[in-house]
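Numbering (the numbering used here), first residue to last: 3 to 63. Glycine included, each C-beta is placed from N, C-alpha and C at the ideal position. Okay, so here's the structure we're looking at.
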């Protein structure tokens, strides 16, 4: 199960784990990191900085 969250990574982890408690599963929780980013740029730039672009999501597995 991959969850891409609009805010901090892991925010929904407990809820997902409870929903899937009756079956074997793996969770990968993706989202923004706790440290602040002071970089400006496009939405694509921000996605890449947080590992939320195609390459980052693929690397998470």
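| Check | Outcome |
| --- | --- |
| Taking the beta carbon of residue 44 as the centre, do at least 16 other beta carbons fall within 10 Å, making it buried, or is it exposed? | exposed |
| Taking the CB atoms as reference points, tell me whether residue 34 and residue 61 lie closer together than 8 Å. | no |
| Would you give the residue range spanned by the beta strand (DSSP E) that residue 2 belongs to? | Residue 2 is absent from the structure shown; the chain starts at 3 and stops at 63. |
| Helix or strand or just coil, what does DSSP make of residue 43? | coil |
| Measuring only the C-alpha atoms, how far is residue 55 from residue 48? | 9 Å |
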